[in-house]
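Chemist: I have a structure I would like to understand better, so I am pasting it below and will then ask my questions one at a time.
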Amino acid sequence: MNVERAISVRRSIRKFNSRPVSDEVLRKVLLAGNDAPSALNNQKKAIVAIVGDKAKAKLNEVVKANSSAETVERITARLNGEFNFFYNAPVLILVTSCDVLYPEADCACAIENMYLRATDLGLGACWINQLTKVDYPELKEFLKKSGLDESYTVYGALAVGHTEETFHTKAKNNRIIVVR
Ligand SMILES: Cc1cc2nc3c(=O)[nH]c(=O)nc-3n(C[C@H](O)[C@H](O)[C@H](O)COP(=O)(O)O)c2cc1C
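42 is the number of the first residue of the sequence shown in our numbering; add one for each residue after it.
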């Protein structure tokens with residue numbers, strides 16, 4: 042798939058099947074995130090891919106316990122009554138940074154790169170916001186166990202997995218202005 046097509050057909054996918062994402066395919070997605078630009082080329086991102094069910098389930102409990110009733114209801118409604126903030130995706134990728142300049146923008150670039158590469162590889166992906174800029178002790182502990190000290194903050198995440206959903210172009214508001 043060329044870049045133009047990947048950009049055009051990428052959609053947020055919230056329905057995944059149970060087929061695991063192979064290490065080889067996952068690596069391609071993660072490298073796309075790693076290749077993203079960063080302010081002043083700080084390269085202070087760390088990308089953590091969670092594949093293990095136990096770690097994902099633990100984070101799901103933490104998010105549920107700390108979410109507003111409205112958020113719990115919205116997410117539960119999307120998944121036939123089950124609360125799972127990453128839609129039971131086989132992989133949840135956390136994008137973190139310890140930079141102080143523009144860490145959100147750095148991480149957003151990485152997430153979009155991975156969104157597009159996942160689309161290119163025929164995978165579904167969805168941006169996940171629930172772990173963004175929160176300092177749940179369980180999350181800090183998890184990051185520490187993954188080798189990241191307390192200077193790292195999650196600025197976004199991406200749920201990734203195989204899907205039966207079809208990709209298609211979609212209508213977007215056109216607010217594009219060219220001044221000559
Ligand atoms: C910063 C940001 C945060 C988002 N957070 C979530 C989220 O937590 N859960 C979710 O299901 N979708 C999330 N999304 C996906 C948007 O809902 C989605 O991009 C939007 O509805 C447009 O659909 P599309 O991605 O298919 O074009 C997020 C998107 C962005 C850019």
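Each residue gets a CB set at the ideal place from its N, CA and C atoms; glycine is no exception.
Would you please state the rounded distance, in angstroms, between the beta carbons of Y24 and K56? I believe it to be under 8 Å.
Modeler: The requested residue 24 does not occur in the structure, where the chain is confined to residues 42 to 221.
Chemist: Which same chain residues, not among the five before or five after N85, have their C-beta less than 8 Å away from its C-beta?
Modeler: A quick correction: the sequence has Lys, not Asn, at residue 85. So the list reads S79, S138, C139, D140, P144 and D147, once near-sequence residues are dropped.
Chemist: May I ask which residues mark the beginning and end of the beta strand (DSSP E) holding T237?
Modeler: Residue 237 cannot be examined here, being either before or after the span of the chain that is shown, 42 to 221.
Chemist: Look at the alpha carbon of Q171 and the alpha carbon of V219, and state the distance between them as a whole number of angstroms.
Modeler: 36 Å
Chemist: Under three-state DSSP, which class holds I48?
Modeler: helix
Chemist: Beta carbon of N101: closer than 7 Å to some heavy atom of ligand 1?
Modeler: It does not: the Cβ of N101 is nowhere closer than 7 Å to a heavy atom of ligand 1.
Chemist: From V70 to E179, what does the alpha carbon distance come to, in whole angstroms?
Modeler: Rounded to the nearest angstrom, the gap between the Cα atoms of V70 and E179 is 26 Å.
Chemist: Between K174 and ligand 1, is there a pair consisting of the residue's CB and a ligand heavy atom that are separated by less than 7 Å?
Modeler: no
Chemist: Under a Cβ-count criterion, where at least 16 other Cβ atoms within 10 Å of its own Cβ denotes burial, should A98 be classed as buried or exposed?
Modeler: exposed
Chemist: Between the alpha carbons of V225 and E114, how many angstroms are there, rounded?
Modeler: Given that the chain is displayed from residue 42 to residue 221, the structure contains no residue 225 and the question cannot be resolved.
Chemist: Would you decide whether P61 is buried or exposed? Buried here means 16 or more other CB atoms lie within 10 Å of its CB.
Modeler: exposed
Chemist: Are T204 and N58 touching if we call contact CB-CB under 8 Å?
Modeler: yes
Chemist: What are the partner residues of V219, as DSSP defines its beta bridges?
Modeler: None; V219 has no bridge partner.
Chemist: For N43, count neighbouring C-beta atoms within 10 Å of its own C-beta (all shown protein chains included) and say buried if the count is 16 or more, exposed if not.
Modeler: Around the Cβ of N43, a 10 Å sphere holds fewer than 16 other Cβ atoms; the residue is exposed.
Chemist: In whole angstroms, what is the alpha-carbon distance linking G122 and A198?
Modeler: 23 Å
Chemist: Does the Cβ of R222 have 16 or more other Cβ atoms within 10 Å, making it buried, or fewer, making it exposed?
Modeler: Because the chain spans 42 through 221 in this model, residue 222 falls outside it and cannot be assessed.
Chemist: Can R52 be considered in contact with ligand 1, in the sense that its beta carbon sits closer than 7 Å to one or more heavy atoms?
Modeler: Yes - ligand 1 has a heavy atom lying nearer than 7 Å to the Cβ of R52.
Chemist: Looking at the structure shown, is T207 part of a helix, part of a strand, or coil, going by DSSP?
Modeler: coil
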